[in-house]
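Enquirer: Protein sequences, first through last, are from chains G and Z. Just so we're aligned, residue 43 is where the first sequence starts under my numbering, counting upward by one. Just so we're aligned, residue 77 is where the second sequence starts under my numbering, counting upward by one.
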Amino acid sequence: MQSAFFRVFLFCLFFVASLLSAKAQTELIQLDPFKEKPLIQLIEETEKQYNLHYFFKESWIKDIVVSSPERVYLRNILLTTLGTYGIEVLFRENYVIFYIKDENYFVDPVRLSEEVLVIGKDKPLAALGKEVTWVGTVKDGKNQAPLVGVNVLVNGGEGGTVTDSQGNFRLVLVPGVYEVTFKYIGYEPSKLKVLMRNSGKLDVEVFERSALLNEVTILGEAADQNITSTNMGTDQLDIGTIEKIPAFMGEVDVIKSLLLLPGVSTVGEGAAGFNVRGGSADQNMVLFDQSAVYNSSHLFGFFSNFNPDVVDKVTLYKGGIPAAYGDRVSSVLDISSTRLTHDKFKLRGGIGLVTSRMVAEVPLVKDKSSVLIGGRITYSDWLLRSVKDLDIQRSRASFYDVNFKWGASLGEKDKITLSSYLSNDQFKFAADTMYRWQTKNASLSWDHTFNPQLSAQVVAAYGDYFYHVEGLVTPFGFELTSGLRDMSAGINLFYTRSSAHVFTGGLKLNYYQLSPGELQVDENNSRLVPKQLEEEQSREMAGYVQHEFTLNPKISFVTGVRYSYFQNMGPGTVLRYQDGETRQQHAVVDTLSYSAGEPVASYGGFEPRLSVKYSLNALSALKFSFNRIRQYLQVISNTAAVTPVDIWKSSDSYIRPLLGNQLSVGYFRNFKNNAFETSAEVYYKKLENVVDYKDGAEILLHNAIEQELVVGEGRAYGLELFVKKKTGRLTGWTSYTYSRSERLMRGPYEEEVINNGSYYPANFDQPHSLSVVADYQITRRLSFSANFVYNTGRPVTAPEAKFVINGTEVAYFSDRNQYRIPDYHRLDFSFTVKGGHRKKKILNGDWIFSLYNVYARQNAYSVYFKHVEGSPPQAYKLSVLGTVFPSITYNFEL
Amino acid sequence: MRSISFIIVLLIGGMLACVEPIDFEARGVDLLVVEGFITDEQRVHTVRVSRTAAYSGDAVNGITTAEVSVVDELGNITCLMHTVDGIYASEVSFAGIEGRTYTLKVVTPDGSEYRSTPQTLQAFGSLDSVYFAQHEREYLNESNNVQVEKGIQYYIDYSVPQNEPAYFMWQWEATYQFRTRYHDKNKPLDCYVEENSRGFLKVANGTAIGDTKVVREGFMFVRPDYQYWLAYSLNVKQYSISEEAFDFYNSIRKQQDNSGSIFDPTPANSTGNIISSSNPDEKVLGFFGAYGATDKRTFVHGRDIPNLPADDNVVNKGMYSFCQPDFKGSLEAVPDFCFDCRLRARSTAVVPDFWP
């Protein structure tokens, strides 16, 4: 903190000061009552008025504000105010010297933006090493009821206690600064920074989860969450962090921000979807307010379809996935929308280069219920007109998304929330094709608290994704439709037997309706043949139990098991193939018909989950986790990236459910009072029943898709290193990931063997990945952010020779994915200018200036091989966004 | 239907249009390539035997000393003899017979034997007419301005048998009238020059079409050059092919459409029908087919397209640009065929039978 020089200087001052023997007059200075003013101002005034000389380091007292309603001694106001921050004051003649007696007492007001609780505020500082006591009661912040069995943890488990039957606790500590966490099931954990000056009494309030939160006292997740919790492979980003990350076209992107986290990658810039720990994009469960989202992108993936003004928090589970989740083998991305506070009208929004958005929260009954309405629209056509292609210039893109949320508290024990969401995209390509895709989601949940130990949540959810492609050219007009619908209902129970035993459990039923494709044509005007693939119906039942068990402060477990059962049901037909023949049209021997509701294929099984934490000490922990998940719906697509016209397919007689097993081990350590978090995780993931595609597979409108697929296994493994700085002016993180993702296709027939039956890299296998994210708070209103990303180029299949057919030169390709496109790297900057924070101001506005791809790196989006007449065939690199993109966005809040 | 990958590539590729050649080192391979087909037309049939070439290297490495023959199911053998560049031709004209099954046999100089899978010649469908219309097409030039190009759009009408698999491939061959620029009476004034559909590949899956008649199907668009100055005769050849052949040609066509973007399928090799007799694991490329053939011809007279040709290669007032004297007025650098049209490649002074 202070330089050695400064310490020497202070020492000299003491020495000089103590030589002055005259009786101090300074201590008798009295001040008239005054209103709030910065301490620095008080110092300047008294310096002049009483000819005082102050000695201090400005940064210590920068944000301290003082006031006094009555006449007060200068000495007292300085002692009490500064004492709170661990700063001592010495008076000698007309010298006033601020100094720090012990670093442990010192609370740097710059470093700590959070509020600090001071115990023994009105008492003198206790002697070093002397034991002092904090007594208090933990209460429900809403109804002031004392809470029994609240876990009180000091510095993440170094010490601690539990509240007694009256909600009282008693902590004995030596003076200093501590982090004390109050944890209670069903309540937001409350993490408080506490300065123990002396013994004292102070009560603490904790708040029910999702209930009205006092924005000042709740500090969100505990600072040492990463070492105290049993979770691993979990990343959480709040919208505040996401908004600071420089974004393409200034569009804050919830999904793309994940790409900066270890273990998360994408196949290309501007591509929809993301890959987690070597899994394909359809292996990620994206939940928006508990409803599954089947397509999360606008404009073919350039922008994600979540309005940032409606998003509160984003949690990504990559490993050690809780038993409550299933159905996707690689990850769960849980996006929760803004919490309704029911207190006052709120309006916020933003204007950017590509979209504008607005969100309003309107209380219906004060403190009881309110609605949220949000929307976002694009005017991206100007972007299309700048494209150097006539067809694109004549294309029209439009998209919007709308959120509606209603919440109500029914008394103190019940809460109902309805959240719904609609995202719509339309893209008219030149004059010939119209694309439309739409995502609809809704969820209705009812939370009920039986008693402080037991609560339940009942949820009904609906998810829907459909796309339409319309051909507008006669005589080839058509309309192609495909999509799916997912309806579910479930119940979750949360039971806290004691602070050491927490149980959760639940049941969930899903009904899926998939329509893999229908080609409609106007028979009078089109020469195409209409075609309709059979719809698929299926149901799934899943139940889970989970037990969080704290053996002692060092060891805790989360054990869980989920059981899922899936049934593909009629009406439908299944082709039967000749025994001993590969699945091809010519081998079809029979067609089996199933009537409505008749089971066509059934699958199920247990999915065990286990996480273990072992604390090595208060600052470090070892963790282990295992999870098994079954996935019954997959995307059928033989392209590397997600497109809006991908087809979802449920497991059937031939396509077995995907099975994923993941094992991970991690070491977590915090430094400097949890200001730095570090972790190293290794994982190994094995996938069974992975599908890949036969050479030249035709998958659109195929009525027996099994004929185009090969089934095999996959493996992925990697190491993720992560360092995060959480406090201070400079915050951010650095992550490095080494990872591999490979496939093995070794079917019994020649066409089911890929790369001679040996492991080959998956389309998204990118071994090295580095990201650096930094945010520097220049002043309260001005901040600067930068991020840098690097990753190995993705694999491609490249021509190794050429030959001639019918006078046409044809490439002979290598085995699958044997080469790589050039490595990717990029640097982005953004500056945020926040509006003044004066309370009286009606409109608060922030300006965000960003530069995407600062050094205009022409990253390879793809490498392709082409023969242009008159020159030999050649490899070409296509760069997307290969220049620097400046943008400006204005965000406001009422 | 436009593929979505096509649009995405245009959309994002066009945004900056940043495409540049890069060095891409790939290991080379050396494989045998056999390709060709016979038809039910009475003609000389050809098959080419070669080895693959480096991807960015020169064209084909023809094998000149292989033994090539076509065998039918009755044991009739037709030998093909080497001409140039690995092309083997039957010594006499012959016609394949509908319903008969043919196999190609190749013995390479090292004694290895290769055979195609047996191919049954099936003739179905008919090409009903070939015609053209003047057509304007818009495109963007280098400086991002809309330009209109004028040209000729050829169309075909054809018939498809109902309720049975019907796959087609088309090629074309053409003859145009070429005039001696510096004419004297010892030499012919007009010649007839042939050109063909090298690099052209059009296939169709007739089973996907509901009608038995396909009308006004776009065949190709051309910007007429000097060939169209006097008269141009296009002969479209329609082949009835097997599903196996369709898959093979179609995979080549798909490969040509593939831009290698992340929205494209993984590129795949075309599986041909040539197998090594001694080593079934050896990869051999190419396809041997036996197809039914029909053709139709159309004529374009220069006078029918008065505003065309308008290209640089054609000079007004009856002068080919490449026959013009240089700026000093010298004729030294002018090609010899400007003095005698017979000297142009694939040219003859004999008026073809079909010339009107």
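Just so it is clear, CB atoms sit at the ideal spot from N, CA and C, and this is done for glycine as well. None of these values were measured; they are calculated from a predicted model.
Candidates G:L486, G:Y903, G:W889 and G:G513: which alpha carbon is nearest A36 (chain G)'s?
Expert: Only positions 43 to 936 of chain G appear in the structure, and residue 36 (chain G) is not among them; the question remains open.
Enquirer: Output, in chain order, the set of chain Z residues within a Cβ distance shorter than 8 angstroms of Y950 (chain G).
Expert: With chain G represented from 43 up to 936, any question about residue 950 (chain G) goes unanswered, as that position is not in the structure.
Enquirer: What residues from the region 218 to 241 of chain G come within 7 angstroms of chain Z, judged by C-beta to C-beta, listed N to C?
Expert: none
Enquirer: Return no unless some Cβ of chain Z is closer than 7 angstroms to the Cβ of T397 (chain G).
Expert: For this step, residue 397 (chain G) is matched to residue 355 along the first sequence. Taking Cβ atoms only, chain Z never reaches closer than 7 angstroms to T397 (chain G), which makes this a no.
Enquirer: Which of the three DSSP states is assigned to H744 (chain G) in this structure?
Expert: Locating residue 744 (chain G) in the first sequence gives position 702, where the first residue counts as 1. Coil, per DSSP.
Enquirer: Taking its Cβ as the centre, do 16 or more other Cβ atoms sit within 10 Å of N93 (chain G), making it buried, or is it exposed?
Expert: The residue given as residue 93 (chain G) occupies position 51 in the first sequence. Answer is exposed; the Cβ neighbour count stays below 16.
Enquirer: Where does the unbroken beta strand (DSSP E) through Y325 (chain Z) begin, and where does it stop?
Expert: The residue given as residue 325 (chain Z) occupies position 249 in the second sequence. Segment E319 to D333 is the alpha helix (DSSP H) holding Y325 (chain Z); no beta strand (DSSP E) there.
Enquirer: For T123 (chain G), which of helix, strand or coil comes out of DSSP?
Expert: As a first step, residue 123 (chain G) must be located in the first sequence, where it is residue number 81. In this structure, T123 (chain G) counts as helix in the three-state DSSP scheme.
Enquirer: Taking CB distances under 7 angstroms as the criterion, tell me whether L920 (chain G) reaches chain Z.
Expert: By one-based count along the first sequence, residue 920 (chain G) stands at place 878. True, the Cβ-Cβ gap to chain Z drops below 7 angstroms.
Enquirer: Grab me the residues of I351 (chain Z)'s own chain with a C-beta within less than 8 angstroms of its C-beta, minus the 5 sequence neighbours each way, in chain order.
Expert: As a working mapping, residue 351 (chain Z) is identified with position 275 in the second sequence. Closer than 8 angstroms at the Cβ level, and outside the excluded window around I351 (chain Z), lie Y190, R191, S192, T193 and V360.
Enquirer: Against G849 (chain G), what residues of chain Z qualify as contacts under a CB-to-CB distance less than 8 angstroms, listed in chain order?
Expert: Position 807 of the first sequence, counted from the first residue, corresponds to residue 849 (chain G). Correct list: N272, S273, R274, G275 and F276.
Enquirer: How close, in whole Å, do the beta carbons of Y243 (chain Z) and F295 (chain Z) come, if the pair is a contact with beta carbons under 8 angstroms?
Expert: Stepping through the second sequence from its first residue, residue 243 (chain Z) is reached at position 167. Stepping through the second sequence from its first residue, residue 295 (chain Z) is reached at position 219. In fact, because the Cβ distance is near 17 angstroms, the residues do not count as touching under 8 angstroms.
Enquirer: Using a beta-carbon distance cut-off of less than 8 angstroms, what residues from the region 103 to 126 of chain Z approach chain G?
Expert: R103, G104, V105, D106, L107, V109, E111, R124 and S126
Enquirer: Look at the alpha carbon of K90 (chain G) and the alpha carbon of V138 (chain G), and state the distance between them as a whole number of angstroms.
Expert: For the purposes of this step, residue 90 (chain G) is taken as residue 48 along the first sequence, with counting starting at 1. For the purposes of this step, residue 138 (chain G) is taken as residue 96 along the first sequence, with counting starting at 1. Those two C-alpha atoms are separated by around 13 angstroms.
Enquirer: Quick one, are the C-beta atoms of A843 (chain G) and V105 (chain Z) less than 7 angstroms apart?
Expert: Taking the first residue of the first sequence as 1, we reach residue 843 (chain G) at position 801. Taking the first residue of the second sequence as 1, we reach residue 105 (chain Z) at position 29. Between A843 (chain G) and V105 (chain Z), the C-beta spacing is below 7 angstroms.
Enquirer: Kindly list, in the order they appear in chain G, the residues whose Cβ is closer than 7 angstroms to that of I328 (chain Z).
Expert: Indexing the second sequence from 1 puts residue 328 (chain Z) at position 252. Chain G residues near I328 (chain Z): I847, T850 and V852.
Enquirer: Can you give me the C-alpha to C-alpha distance between Y268 (chain Z) and W431 (chain Z), rounded to a whole angstrom?
Expert: Along the second sequence, read from residue 1 onward, the residue named residue 268 (chain Z) stands at position 192. Along the second sequence, read from residue 1 onward, the residue named residue 431 (chain Z) stands at position 355. Rounded to the nearest angstrom, the two C-alpha atoms are 9 angstroms apart.
Enquirer: Would you list, in chain order, the members of the region 347 to 367 of chain Z that have their beta-carbon closer than 8 angstroms to a beta-carbon of chain G?
Expert: T347, L361, G362 and F363
Enquirer: Spell out a yes or no on whether the region 680 to 687 of chain G and the region 293 to 307 of chain G are touching, meaning 3 or more CB-CB pairs, one atom from each, closer than 8 angstroms.
Expert: no
Enquirer: Mapping DSSP to helix, strand and coil, what is F934 (chain G)?
Expert: For this step, residue 934 (chain G) is matched to residue 892 along the first sequence. Of the three classes helix, strand and coil, the one that applies to F934 (chain G) here is strand, per DSSP.
Enquirer: Using a Cβ-Cβ cutoff of less than 6 angstroms, which residues in the same chain neighbour S541 (chain G) once the five nearest sequence positions on both sides are dropped?
Expert: Indexing the first sequence from 1 puts residue 541 (chain G) at position 499. Taken in chain order, the residues that qualify are G191, N193 and V204.
Enquirer: Would you mind sorting Y421 (chain G) into buried or exposed? The rule is 16 or more other CB atoms within 10 Å of its CB.
Expert: Here the question's residue 421 (chain G) lines up with position 379 in the first sequence. By the neighbour-count rule (16 or more Cβ atoms within 10 Å), Y421 (chain G) is not buried but exposed.
Enquirer: Would you say T839 (chain G) lies against chain Z (beta-carbon separation less than 7 angstroms)?
Expert: To locate residue 839 (chain G), count along the first sequence from 1; it is residue 797. Yes, contact with chain Z.
Enquirer: Where does L593 (chain G) land, buried or exposed, given buried means 16+ other C-beta within 10 angstroms?
Expert: Position 551 of the first sequence, counted from the start, is the residue given in the question as residue 593 (chain G). With a 10 Å radius around the Cβ and a threshold of 16 neighbouring Cβ atoms, L593 (chain G) comes out exposed.
Enquirer: So for D423 (chain G), helix, strand or coil by DSSP?
Expert: Position 381 of the first sequence, counting from 1, holds the residue named residue 423 (chain G). In this structure, D423 (chain G) counts as helix in the three-state DSSP scheme.
Enquirer: Reducing DSSP to helix, strand and coil, say where Y645 (chain G) ends up.
Expert: Sequence index remark: in the first sequence, residue 645 (chain G) carries index 603 (1-based). Here Y645 (chain G) carries a strand assignment [DSSP, helix/strand/coil].
Enquirer: In chain order, what are the residue ranges of uninterrupted beta strand (DSSP E) at least 3 long that sit wholly in the region 475 to 537 of chain G?
Expert: Entirely contained in the region 475 to 537 of chain G, the beta strand (DSSP E) runs reaching 3 residues are, in chain order, 475 to 493 and 496 to 513.
Enquirer: With a threshold of 16 other CB atoms inside 10 Å of the CB of A660 (chain G), please say whether the residue is buried or exposed.
Expert: For this step, residue 660 (chain G) is matched to residue 618 along the first sequence. So A660 (chain G) counts as buried.
Enquirer: Using a C-beta to C-beta distance shorter than 8 angstroms, which residues of chain Z count as neighbours of P809 (chain G)?
Expert: Locating residue 809 (chain G) in the first sequence gives position 767, counting from the first residue. Per Cβ cutoff of 8 angstroms: no residues; P809 (chain G) is ~18 angstroms from chain Z at best.
Enquirer: Using a C-beta cutoff of 7 angstroms, does Y131 (chain Z) count as contacting chain G?
Expert: Numbered from 1 along the second sequence, position 55 holds the residue referred to as residue 131 (chain Z). So yes, Y131 (chain Z) belongs to the interface.
Enquirer: In chain Z, which residues lie less than 7 angstroms from S856 (chain G) when you measure between Cβ atoms?
Expert: On the first sequence, residue 856 (chain G) is found 814 positions in, with the first residue counted as 1. Neighbours of S856 (chain G) on chain Z, chain order: A102.
Enquirer: What residues of chain A sit near Q400 (chain Z), judged by a beta carbon separation below 9 angstroms?
Expert: Absent from the structure is chain A; the protein chains it does hold are G and Z.
Enquirer: Name the residue from Z:G162, Z:T251, Z:V123 and Z:G175 whose alpha carbon lies nearest to the alpha carbon of S316 (chain Z).
Expert: Here the question's residue 316 (chain Z) lines up with position 240 in the second sequence. Checked all of Z:G162, Z:T251, Z:V123 and Z:G175; the closest Cα to S316 (chain Z) is Z:G175.
Enquirer: Apart from the five residues on each side of it in sequence, which residues of its chain come closer than 6 angstroms, Cβ to Cβ, to G924 (chain G)?
Expert: Your numbering for residue 924 (chain G) matches position 882 in the first sequence. The answer, listed in chain order, is Q900.
Enquirer: For A503 (chain G), collect the residues of the same chain with a Cβ closer than 6 angstroms to its Cβ; drop the 5 residues on either side in sequence, then sort them by chain order.
Expert: Here residue 503 (chain G) is taken as the residue at index 461 of the first sequence, counted from 1. Cβ within range, chain order: Q332, S333, S485 and S530.
Enquirer: Should the region 725 to 740 of chain G be regarded as contacting the region 693 to 712 of chain G, the criterion being three or more beta carbon pairs within less than 8 angstroms?
Expert: yes
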